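Working notes, structure below.
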Amino acid sequence: MAERMLQFVRLEQRQPDKRDAEQRRQDFADIYNRFDPARASQQASRCSQCGVPFCQIHCPVNHNIPDWLKLTAENRLEEAYEVAAANNTFPEVCGRICPQDRLCEGNCVIEAGFDSVTIGAVEKYITDTAWERGWVKPPTPAREVDRSIGIIGAGPAGMAAGERLRRRGWQVTIYDRHDRAGGLLIYGIPSFKLEKDIVLRRRQQFEEGGIRFEMGVEIGRDLSFADLRARHDAVLVATGVYRARDVEVPGNELNGVVPALDFLIASNRKGLGDEVPEFDSGAMNAAGKHVVVVGGGDTAMDCVRTSVRQGAASVTCLYRRDKNNMPGSMREVKNAEEEGVHFAWLSAPDAFEGENGAVTGVRAVRMHLGLPDATGRQQVERVPGSEHVARADLVIKALGFDPEDLPGLFGEPALGVTRWGTLKVDHRTMMTNLPGVFAAGDIVRGASLVVWGIRDGRDAADRIERWVEAREALPAAAE
Ligand code: FAD
Ligand code: SF4
Ligand code: SF4
154 MAERMLQFVR LEQRQPDKRD AEQRRQDFAD IYNRFDPARA SQQASRCSQC
204 GVPFCQIHCP VNHNIPDWLK LTAENRLEEA YEVAAANNTF PEVCGRICPQ
254 DRLCEGNCVI EAGFDSVTIG AVEKYITDTA WERGWVKPPT PAREVDRSIG
304 IIGAGPAGMA AGERLRRRGW QVTIYDRHDR AGGLLIYGIP SFKLEKDIVL
354 RRRQQFEEGG IRFEMGVEIG RDLSFADLRA RHDAVLVATG VYRARDVEVP
404 GNELNGVVPA LDFLIASNRK GLGDEVPEFD SGAMNAAGKH VVVVGGGDTA
454 MDCVRTSVRQ GAASVTCLYR RDKNNMPGSM REVKNAEEEG VHFAWLSAPD
504 AFEGENGAVT GVRAVRMHLG LPDATGRQQV ERVPGSEHVA RADLVIKALG
554 FDPEDLPGLF GEPALGVTRW GTLKVDHRTM MTNLPGVFAA GDIVRGASLV
604 VWGIRDGRDA ADRIERWVEA REALPAAAE
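Quick note on my numbering: the sequence shown kicks off at 154 and runs consecutively.
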């Protein structure tokens, strides 16, 4: 039966039930149980249908949230899915891994005093139902168009752009150096946050819709950037950012001090059933080890929680600021704490100590937050005499990512970059300084979020189409 809206005054917020932390520690399955239909409908009915929906304003893809909540409350799930899919290529992914506490839910007007509507969980419920009932269709166009796009990178930005252009009949080829599509969705983010079949089935659908994938092709090595440009009417660069920031302390070269992404890729590949020698040898495996993860973002949270599941003897997260200043999602910190991770706030590494070439500990120093700097952020200062050693036989460095040197890798020195190494684009056209070369996602924004990658990919598709149309119109206009 259809629920009335505005039920937040009567119904409490109920997020989907979480599995017991002890059980979660044993496997890599999703930690949340699914809403049942009654709970989804009830929770959606808590929405007060704001005339100016702040949830929507703060959603990067500008989702029409009040509409799909109302449709869910009325059990009109297929329509709810249509509305959710209209602005978002991967609503099933965003419902799972958007930091909703900072985006839609964090800005829900009933947040104060009543707790927000459970927007992400409802989005996940609608789209999971849509997949089960066959409402999600491949991007098969009504007619073919003789225009072609080459997309470098099969992450969320590249895939979102490819899907949008393919639906309009474009010939779309996506190139990626990895063997599986998804970018960080497949090899970065662990499956307890995003199950891998969710990502894999999208590629399958895209292929059914006529999108071509050239996997295992690194542009700049296996195929030159110039040859790629010659093959297509336009090119979209959506390569993400992969140069791991390092920590410049003594002992960095010791065995057992590893970059976060190498650790996560090994774990994800193992979960996908691949041969992973570095995991089997123990080099990229936390089983039985005392693990220290350095960093406080989402990548660090993924590393600590992966280590727990691999059977680490202990897991400590070392972060130089305090909990309130962590860049990672508070929800993920809470999940990690429940799963037994120890957080050493206001602590930074001074050195990695070792014996016989292998790490044995982290010499850490306590920090305190001092006066704000020019950006308004409190500076971190050492507390003299607070040095101490934390035992560690695996240290994972999760300090964020910068762009690789794309002009160098592509053999295209004219390709314009910012002083941070991200690609410079005209923000109205999303085009780089090279005609017909567009860019989207992390390679433009710097390390960001999946939902922003999707938004950028979709926007880039529109701009690319406009640019190609304008170029095609030129000779006619000149006549
Ligand atoms: P990517 O996803 O990085 O995809 C880029 C693709 O380009 C890759 O497949 C790469 O192989 C390919 N590529 C690169 N260079 C070449 C080349 N020369 N030739 C061919 N292919 C190339 N965001 C969230 O919203 N929620 C989260 O919970 C979250 N967790 C995260 C956890 C981790 C560990 C990390 C690292 C990131 C996380 N993020 C999260 C951020 C999010 O994953 C990224 O913002 C998003 O994936 C960026 O999308 P993209 O398409 O720009 O790039
Ligand atoms: Fe919220 Fe992300 Fe969904 Fe937007 S896409 S409604 S931010 S979960
Ligand atoms: Fe509904 Fe909250 Fe969005 Fe208002 S802000 S429309 S109450 S979800």
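Ideal Cβ positions, reconstructed from N, Cα and C, are used throughout, including at glycine. Since the model is a prediction, treat every value here as computed from it, not as a measurement.
Item	Value
Terminal residues of the alpha helix (DSSP H) in which residue 449 lies	That residue, residue 449, is in no alpha helix (DSSP H); it is neither H nor E in DSSP.
Three-state secondary structure (DSSP) of residue 525	strand
DSSP three-state assignment for residue 616, whether helix, strand or coil	helix
Cross-strand partners of residue 334 (DSSP beta bridge)	According to DSSP, residue 334 bridges with nothing at all.
Distance CB(residue 604)-CB(residue 251) smaller than 7 Å	yes
Check: residue 309 C-beta below 6 Å from any heavy atom of ligand 1	yes
Distance CB(residue 319)-CB(residue 325) smaller than 7 Å	yes
Residue 576 - partner residues in DSSP beta bridges	570
Cβ-heavy atom distance, residue 294 to ligand 3, below 6 Å	no
Residue range of the unbroken beta strand (DSSP E) whose run includes residue 503	500 to 508
Residue 344 burial status per 10 Å Cβ neighbour count (16 or more: buried)	buried
For residue 304, the residue or residues it bridges with in DSSP	327, 389
Heavy atom of ligand 3 within 6 Å of residue 150 beta-carbon	No answer is possible for residue 150: it lies beyond the span of the chain, which begins at 154 and ends at 632.
When 340, 191, 569 are compared against residue 390, the one with the closest alpha-carbon	569
Residue range of the unbroken alpha helix (DSSP H) whose run includes residue 309	309 to 320
Beta-bridge pairing of residue 408 - partner residues as DSSP gives them	511
Cβ neighbours of residue 360 in the same chain (closer than 7 Å, five flanking residues each side left out)	366
Close beta carbons around residue 246, own chain, < 7 Å, minus the five adjacent residues each side	338, 347, 351, 603
Contacting residues, own chain, Cβ-Cβ under 6 Å from residue 364 (five flanking each side not counted)	315, 319, 325
Segment limits, beta strand (DSSP E) that includes residue 368	365 to 368
Bridge-paired residues (DSSP) for residue 543	515
CB contact flag (residue 546, residue 443, <7 Å)	yes
Residues bridged to residue 443 (per DSSP)	467
Contacts around residue 521, its chain only, beta-carbon distance under 7 Å, and the 5 residues preceding and following it disregarded	499, 534, 536
Three-state class that DSSP yields for residue 627 in the structure shown	helix
Contact the stretch 285 to 299 vs the stretch 587 to 594: 3+ CB pairs below 8 Å	no
Any non-hydrogen atom of ligand 1 within 6 Å of residue 371 CB	yes
With 16 other Cβ atoms within 10 Å as the buried cut-off, status of residue 433	exposed
Contact check, residue 193 vs residue 275, beta carbons under 7 Å	yes
Residue 533 - containing beta strand (DSSP E), residue span	531 to 535
Delimiting residues of the alpha helix (DSSP H) encompassing residue 416	413 to 424
Rounded separation between residue 400 and residue 459 - CA only	21 Å
Secondary structure of residue 226, DSSP reduced to three states	helix
Residue 330 Cβ short of 6 Å to ligand 1 heavy atom set	yes
Residue 207 Cβ short of 6 Å to ligand 3 heavy atom set	yes
Residues bridged to residue 550 [DSSP beta-bridge criterion]	412, 447
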